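Heads up, the sequence shown is in this note's numbering, so the first residue is 478 and it goes up one at a time.
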Amino acid sequence: MTTPQASQLDAAQIQALMAIVGPDAVKTGDEIAPEYARDELVSTSSYPDAVVEPANTAQVRAIMRFAHTHRIPVTVRGAGTGLCGGSVPVHGGIVLSTTRLNRILEIDRECMTATVEPGVLLLDFQKEVEKLGLFYPPDPGEKSATLGGNVSTNAGGMRAVKYGVTRDYVRGLEVVLADGEIVQLGGKPAKNSSGYNLVQLLVGSEGTLGVITKIILRLVPLPALRMSLLAPFPALATAIAAVPAILNSGVTPTALEFFQDKVLHAFEESMGKPFPHTGAPAYLLIMLDGNSQTELDAAYAAVAEVCLRQQALDVLIADTSERHSALWEARGSFLQAVKAMSEIDEVDVVTPISRIAEFIMFCDSLAEEYGVRIYSFGHAGDGNGHVYLLRDAMDDATWRQRQDEVMRIIYQKGAELGGAVSGEHGIGRAKRVYLHEQVGETYMRLLRQIKQVFDPLGILNPGKII
Ligand SMILES: Cc1cc2nc3c(=O)[nH]c(=O)nc-3n(C[C@H](O)[C@H](O)[C@H](O)COP(=O)(O)OP(=O)(O)OC[C@H]3O[C@@H](n4cnc5c(N)ncnc54)[C@H](O)[C@@H]3O)c2cc1C
């Protein structure tokens, strides 16, 4: 972890920021908590010169005008749960925290939309809309992330198999540009063919093109019923190989996750509670939802039959909300459980569904050859495996060398299988080099030119994506 460095901002500039947001909403020097120097990828860290917490769009505009005039880097930060160093201020300057931009402004039942500020937490939002019988399907593992962070990384999560990813729910955005100008993109209409789609350009732009200050999200009706199935398999290969067969069964599962037994052991050890089943080398965890018991029973029967045909050792059903929640809460804790064992580095390559088994088995096979523990679990149903390299007791030099070797091989394999560098976590700082290698110079030139249009001085989240 780096320590705070000498500030790029002088006393008068700090005063100017305090005049915009109030003295309590600007932190400098020792007042800056260590989490503002990193996200959940602990290997990238750097302190900002100031953390600034605006409370409304007008304050964001004033901060951006000020930063633009003085050419000060601005890195937007939601909850800092990102996994690729995206919210880490690698060039110092201002961290613009969205903590105080945390209001749900409207839920419009007729249009089935919600208008929110970017600092609203996903878990709070999901609870609020569900109280009204509405549903916001994107469901990344970390529920304490902000909606602004989810939009800026195009977060995916468990329910993408049936419902798609964050991108599929963003109808409109209010964005403060690098020079402080405010622009409204999209809106409540359900369709829009009015020229280039700037809403979708901003989704997944990781704070490099503008500061998102309002979001209009699409909602859908809340399914009445859901149930989960846990299918133990005799091997990781058979578990993942069953995925295309399940997707071809005529049923679209809400979620379809895989994990290895060693991930379960890590969970049980770090959380101190048992998982409902152990002893099999690999598992599929499947969620189904619907509006009638008959519909759900038919879906369950079809999926269970496919699993058993694909060599599942059993198919266990969780049809009470307690059992269902226990399984999914455990699934949501897997990453923290692996992190509790060791420093890690992660890969969230997405491949075509037909190649996910080959990709995961390939990654698994590298463990022995390179002398590094490799754990995997993830969103098998959309081809997005999460692969973790564990540092364990390696010294700095060995860890760096091992990471570099193994990561390169993994990303090469992902590309060879027709995959993409990141399925949902984004590029941030950590995956830039792999993105460049995979997409090539013409693609990168287009990205740089887009960046130039939005942020000619390069003050927005410098050192990320491109
Ligand atoms: C245990 C765990 C499980 C996870 N599971 C998943 C998962 O299943 N699926 C998934 O997709 N991700 C997952 N993540 C990753 C992470 O939660 C997501 O990337 C999330 O979207 C980040 O949101 P945040 O609020 O923490 O954003 P931050 O980490 O603060 O920021 C992420 C990026 O968004 C930018 N940004 C944030 N807010 C704004 C804004 N208002 N305007 C412009 N730019 C902005 C930042 O500059 C940065 O580049 C997981 C993380 C953890 C720790």
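Every residue gets a Cβ at the ideal spot worked out from N, C-alpha and C, and that includes glycine.
Everything numeric in this text was worked out from a predicted model, so none of it was measured.
Contact check, I927 vs V551 under 8 angstroms by CB: the rounded distance?
For this step, residue 927 is matched to residue 450 along the sequence shown. For this step, residue 551 is matched to residue 74 along the sequence shown. About 18 angstroms separates the two Cβ atoms, so there is no contact after all.
Mind reading off the beta-carbon distance from I837 to E683? Whole number of angstroms is fine, and I expect it under 8 angstroms.
Counting from 1 along the sequence shown, the entry for residue 837 is found at position 360. Counting from 1 along the sequence shown, the entry for residue 683 is found at position 206. About 26 angstroms separates the two Cβ atoms, so there is no contact after all.
How would you label D872, buried or exposed, when you count the other beta carbons within 10 angstroms and need 16 or more for buried?
The sequence position of residue 872 within the sequence shown is 395, counting from 1. When all chains shown are included, D872 counts as exposed.
Answer yes or no: the CB of I887 versus the heavy atoms of ligand 1, is any distance below 6 angstroms?
Counted from its first residue, the sequence shown places residue 887 at position 410. The answer is no for I887.
Quick one: measure Cβ to Cβ for R826 and G940, integer angstroms, because I've assumed they're closer than 8 angstroms.
Start at 1 with the first residue of the sequence shown, and residue 826 comes out as number 349. Start at 1 with the first residue of the sequence shown, and residue 940 comes out as number 463. It should be pointed out that residue 826 corresponds to Val in this sequence rather than to Arg. Actually they are not in contact, since the Cβ atoms of V826 and G940 sit about 22 angstroms apart, beyond 8 angstroms.
Would you call the CB atoms of T729 and V537 closer than 7 angstroms?
Your numbering for residue 729 matches position 252 in the sequence shown. Your numbering for residue 537 matches position 60 in the sequence shown. For T729 and V537, no; Cβs fall outside 7 angstroms.
Does the separation of the CB atoms of L733 and G809 fall below 7 angstroms?
As a first step, residue 733 must be located in the sequence shown, where it is residue number 256. As a first step, residue 809 must be located in the sequence shown, where it is residue number 332. No, they are not a contact pair.
Using three-state DSSP, classify E823 as helix, strand or coil.
Indexing the sequence shown from 1 puts residue 823 at position 346. Looking at E823 - three-state DSSP - the assignment turns out to be strand.
At a cut-off of 6 angstroms, would you count G672 as near ligand 1, judging by its Cβ distance to the nearest heavy atom?
As a working note, residue 672 is residue 195 in the sequence shown. No, the Cβ of G672 stays beyond 6 angstroms of every heavy atom of ligand 1.
Using the rule of at least 16 other Cβ atoms within 10 Å of the residue's Cβ for burial, across every protein chain shown, is V676 buried or exposed?
Residue mapping note: residue 676 aligns to position 199 of the sequence shown, counting from 1. V676 comes out buried.
Assign E607 to buried or exposed, taking buried as 16 or more other Cβ atoms, counted over all protein chains shown, within 10 Å of its Cβ.
Start at 1 with the first residue of the sequence shown, and residue 607 comes out as number 130. So E607 counts as exposed.
Taking 6 angstroms as the limit between beta carbons, can you name the residues of its chain near M478, skipping five residues before and five after?
Locating residue 478 in the sequence shown gives position 1, where the first residue counts as 1. Per-residue confidence for M478 stands at a pLDDT of 43, beneath the threshold of 50, marking its modelled position as unreliable; no derived number is given.
If the criterion is Cβ atoms closer than 7 angstroms, does the pair E508 and R577 meet it?
Working through the sequence shown from its first residue, we reach residue 508 at position 31. Working through the sequence shown from its first residue, we reach residue 577 at position 100. Not a contact, by the Cβ cut-off of 7 angstroms.
Per DSSP, what are the beta-bridge partners of A591 in this structure?
Translated into the one-based positions of the sequence shown, residue 591 becomes position 114. DSSP, once it has assigned bridges, lists I584 and L694 as partnering A591.
With which residues is A897 paired in a DSSP beta bridge?
Position 420 of the sequence shown holds residue 897. For A897, which the question treats as bridged, DSSP gives the partners V827.
Do the segment 625-637 and the segment 660-674 meet, that is, are 3 or more Cβ pairs less than 8 angstroms apart?
no
Just how far apart, CA to CA, sit W805 and Q485?
One-based indexing of the sequence shown puts residue 805 at position 328. One-based indexing of the sequence shown puts residue 485 at position 8. Cα to Cα, the separation comes out at about 45 angstroms.
Restricting to Cα atoms, I'd like to know which of E651, D822, S853 and V864 is closest to Q878.
By one-based count along the sequence shown, residue 878 stands at place 401. Measuring from the Cα of Q878, the nearest candidate turns out to be D822.
Beta-carbon proximity list for L694, same chain, < 6 angstroms, skipping 5 on both sides:
The residue you call residue 694 lines up with position 217 of the sequence shown. If we look at L694 and ignore the five residues flanking it on each side, its Cβ neighbours are A591 and Y646.
Own chain residues within Cβ distance below 7 angstroms of M748, not counting five before or after:
Position 271 of the sequence shown, counting from 1, holds the residue named residue 748. Counting only Cβ-Cβ distances below 7 angstroms, and skipping sequence neighbours, we find S810 and A814.
Pairwise C-alpha distance: A870 and G896
Position 419 of the sequence shown, counted from the start, is the residue given in the question as residue 896. Position 393 of the sequence shown, counted from the start, is the residue given in the question as residue 870. So the two alpha carbons sit approximately 32 angstroms from each other.
Looking at the strands, I want to know which residues DSSP matches up with P939.
Here the question's residue 939 lines up with position 462 in the sequence shown. Paired residues: none, contrary to the question.
Secondary structure at T715, three-state DSSP: helix, strand or coil?
Translated into positions along the sequence shown, residue 715 becomes position 238. Residue state, collapsed to three classes: helix.
What are the partner residues of N861, as DSSP defines its beta bridges?
For the purposes of this step, residue 861 is taken as the residue at position 384 of the sequence shown. Bridge partners of N861: V827 and H856.
Measuring CB to CB, does F744 end up less than 7 angstroms from Y760?
Locating residue 744 in the sequence shown gives position 267, where the first residue counts as 1. Locating residue 760 in the sequence shown gives position 283, where the first residue counts as 1. Contact flag unset, no.
If I follow the unbroken beta strand (DSSP E) through E530, where does it start and stop?
As a first step, residue 530 is located in the sequence shown; it is residue number 53 there, counting from the start. Element bounds for E530: n/a, residue is neither H nor E.
Quick check: the Cα distance between R703 and S629, rounded to an integer number of angstroms?
Taking the first residue of the sequence shown as 1, we reach residue 703 at position 226. Taking the first residue of the sequence shown as 1, we reach residue 629 at position 152. C-alpha separation (whole angstroms): 29 angstroms.
Check whether the Cβ atoms of R515 and V553 sit closer than 7 angstroms, and answer yes or no.
Residue mapping note: residue 515 aligns to position 38 of the sequence shown, counting from 1. Residue mapping note: residue 553 aligns to position 76 of the sequence shown, counting from 1. No, Cβ-Cβ distance for R515 and V553 is not below 7 angstroms.
Count the CB pairs spanning the segment 880-889 and the segment 906-921 that are closer than 8 angstroms, and state whether there are at least three.
Counting Cβ pairs under 8 angstroms, three or more are found: they touch.
If you count every other CB in all the chains shown that lies within 10 Å of the CB of V930, and 16 or more means buried, which is it?
Taking the first residue of the sequence shown as 1, we reach residue 930 at position 453. With fewer than 16 Cβ atoms within 10 Å of its Cβ, V930 is classed as exposed.
So, is R648 buried or exposed, given that buried needs 16 or more other C-beta atoms within 10 angstroms?
For the purposes of this step, residue 648 is identified with residue 171 of the sequence shown, where counting begins at 1. Buried, because 16 or more other Cβ atoms sit within 10 Å of the Cβ of R648.
Quick one: what's got a C-beta closer than 6 angstroms to G681's C-beta in the same chain, skipping five residues either side?
Within the sequence shown, the letter at position 204 stands for residue 681. So the qualifying residues of the chain are N631.
Can you say whether E893 is buried or exposed, counting buried as having 16 or more other CB atoms within 10 angstroms of its CB?
In the sequence shown, the residue the question calls residue 893 occupies position 416. Flag for E893 reads exposed.
Going by alpha carbons, who is nearest to V642 out of S671, G767, A493 and H856?
Residue mapping note: residue 642 aligns to position 165 of the sequence shown, counting from 1. Selected option, being the one with the closest Cα: H856.
Local conformation of V849 per DSSP, three classes:
Here residue 849 refers to the residue found at position 372 of the sequence shown. Coil, per DSSP.
According to DSSP, simplified to helix, strand and coil, what is L785?
In the sequence shown, counting from the first residue as 1, residue 785 sits at position 308. L785 falls in the helix class under three-state DSSP.
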